[in-house]
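Heads up, the thing below is written out as structure tokens.
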Amino acid sequence: MNWKFWQNDDQQKLLEKIENLTEKVNSMEEKINDLDKSEKKMNRLQYKQNQDLFKKIDELSQLVNQQRLDQELISKLKSRVDSYSLNVENSSKKIIELIDEFDLLKRGLDSDENSWSSLLENWSQRLLKLLEQNDIYQLNLKEKEFDPRRAEALTTVNSEALTEYPQQPVLNYNNNQIVEVIKRGYQDQEDNILRKSQVVVYKEAKQ
């Protein structure tokens, strides 16, 4: 009798965990859809703004040729460019924050929840493509040599501590090689670092 009671209790906990994950997934899917809509709207706005900008630049060029440079027109142009840049920056920050949420949730999943993990990774890839449309790119540093200009080392591990990372495909790491990326980093199209990656680095134990 007691055994059945505990069995039912375990089943109830499992159902509650599945229900909780389902709610989180549904919430995150809504966030992605909202970002997709926002990105499409911003792209349409960008196109319109670009057309207006080109028109104003032509007007400006004519004024320069006529030596009648209008300072008010220059000010309006600058305001438009600044406004568009701010919209792109705010949208990108929201996307990066959502990817961080996905990574954090995925890290807390058990090994028997691979289907959830795959779903979260697929969503992350969709969002990374949105970032690329805004010329923001993920730093791919896993298994590469640690570079303090591009990454921040949260901790180090040696060969004995690697047992804590059974998912890592490489068994023989070189000194200063990155074992795991805890938090993704990003750069722009000119290789300027927007955010450093937070990583775990392999260090040989001193003899």
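Quick note on numbering: the sequence shown equals residues 6 to 212 in this note's numbering. Note that CB positions come from ideal geometry on N, CA and C, so glycine has one too.
Terminal residues of the beta strand (DSSP E) in which residue i lies
i, result
"residue 156", "156-162"
"residue 192", "191-193"
"residue 188", "183-188"
"residue 178", "Counting along the chain, residue 178 falls outside any beta strand (DSSP E), and DSSP gives it neither H nor E."
"residue 199", "198-200"
C-alpha gap between residue i and residue j, whole angstroms
i, j, result
"residue 153", "residue 191", "14 Å"
"residue 179", "residue 163", "10 Å"
"residue 126", "residue 107", "8 Å"
"residue 166", "residue 205", "11 Å"
"residue 38", "residue 101", "15 Å"
"residue 25", "residue 151", "37 Å"
"residue 34", "residue 197", "31 Å"
8 Å Cβ shell around residue i - same chain, five flanking residues per side excluded
i, result
"residue 133", "104 and 143"
"residue 161", "205, 206, 207 and 208"
Own chain, CB closer than 7 Å to residue i, minus 5 neighbours either side, in chain order
i, result
"residue 141", "97, 191, 193 and 199"
"residue 201", "155, 156, 157 and 190"
"residue 131", "37"
Within-7 Å CB hit, residue i to chain C
i, result
"residue 109", "Absent here is chain C; the protein component of the structure consists of one chain."
Integer-rounded CB distance, given that residue j should sit under 8 Å from residue i
i, j, result
"residue 203", "residue 159", "5 Å"
"residue 99", "residue 146", "At roughly 23 Å, the Cβ-Cβ gap does not stay under 8 Å, so residue 99 and residue 146 are not in contact."
"residue 122", "residue 109", "Not quite, the Cβ-Cβ distance comes to about 12 Å (not below 8 Å), so this is no contact."
Sequence-distant residues of the same chain with beta carbon closer than 6 Å to residue i, five excluded per side
i, result
"residue 36", "103"
"residue 188", "203"
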